[in-house]
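> In the working numbering, the protein residues as written are 7 to 139. Yeah, the Cβ is synthetic: ideal placement off N, Cα and C, and Gly gets one too. Pasting a structure here, questions to come.
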Amino acid sequence: MEEVLRFLSENPIFYVATIDGDKPRVRPFGFFMAYENRLYFGVGSHKKACQQMKANPYVEISTASVNGEWIRINGKAVFDERPETISRVMETMPTLKSIYNETSGLKIAPFYLEEARAEIADFNGNFQEIVLS
């Protein structure tokens, strides 16, 4: 998992693909954390991406580095909205407090990936597969 966390830390904007009916949808995300030996992400519970993941939990996440390396992470989104998880999200990325709070009424929906695998590759044919769960 350390290699995946390093890659995401160095390339903090990544793209999450979901399914909307029978169509793919991709959008940028920016939150991730390691918690309880799992790789977590977060999405606003009011967002279409959240409803799409609840309807079809299989997602794929990808980003690339300026060096021509890329990562793909796929798995099944499992939502974990326990207070202690949400508290850890806010500790990890305090700027989220200005979006998800009692005043705005918006809530963050943290999720981790089950059946998770990551692939890190480059244009030279180097490839590394990492089983995350």
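With three or more C-beta pairs closer than 8 Å as the rule, is the stretch 15-22 touching the stretch 68-78?
Enough Cβ pairs lie closer than 8 Å, so yes.
> For L112, tell me which candidate among L119, K103, E120 has the shortest Cα-Cα distance.
Sequence index remark: in the sequence shown, residue 112 carries index 106 (1-based). Of the listed residues, the one whose Cα sits closest to L112 is K103.
> Around the C-beta of D26, are 16 or more other C-beta atoms found within 10 angstroms, so that it is buried, or is it exposed?
To locate residue 26, count along the sequence shown from 1; it is residue 20. When all chains shown are included, D26 counts as exposed.
> What did DSSP end up calling E42 once you bin it into helix, strand or coil?
Taking the first residue of the sequence shown as 1, we reach residue 42 at position 36. In the structure shown, E42 sits in coil (DSSP, three-state: anything other than H, G, I, E or B).
> I'd like to know if the stretch 61-71 and the stretch 94-101 are in contact, where contact means that at least 3 CB-CB pairs between them fall below 8 Å.
They do not touch, by the three-pair rule.
> Note down the Cα distance separating Q136 from E90, rounded to an integer number of angstroms.
Residue numbering aside, residue 136 sits at position 130 when the sequence shown is read from its first letter. Residue numbering aside, residue 90 sits at position 84 when the sequence shown is read from its first letter. First, the amino acid is wrong: residue 136 is Ile here, not Gln. Taking the straight line from one Cα to the other gives about 27 Å.
> Can you round the beta-carbon distance between F117 and F38 to whole angstroms, since I take them to be within the 8 Å contact cut?
Sequence index remark: in the sequence shown, residue 117 carries index 111 (1-based). Sequence index remark: in the sequence shown, residue 38 carries index 32 (1-based). So it is not a contact: roughly 11 Å between Cβ atoms.
> Ends of the beta strand (DSSP E) at T101?
If you number the sequence shown from 1, residue 101 lands on position 95. Unbroken run through T101: none, as it is neither H nor E.
> Taking the beta carbon of G81 as the centre, do at least 16 other beta carbons fall within 10 Å, making it buried, or is it exposed?
Start at 1 with the first residue of the sequence shown, and residue 81 comes out as number 75. So G81 counts as buried.
> In three-state DSSP terms, what is V10?
For the purposes of this step, residue 10 is taken as residue 4 along the sequence shown, with counting starting at 1. Helix at V10.
> Report, in whole angstroms, the separation of the C-beta atoms of A148 and R33, which I expect to be a contact under 8 Å.
Within the shown structure, residues of the chain are numbered from 7 to 139, placing residue 148 beyond reach of any answer.
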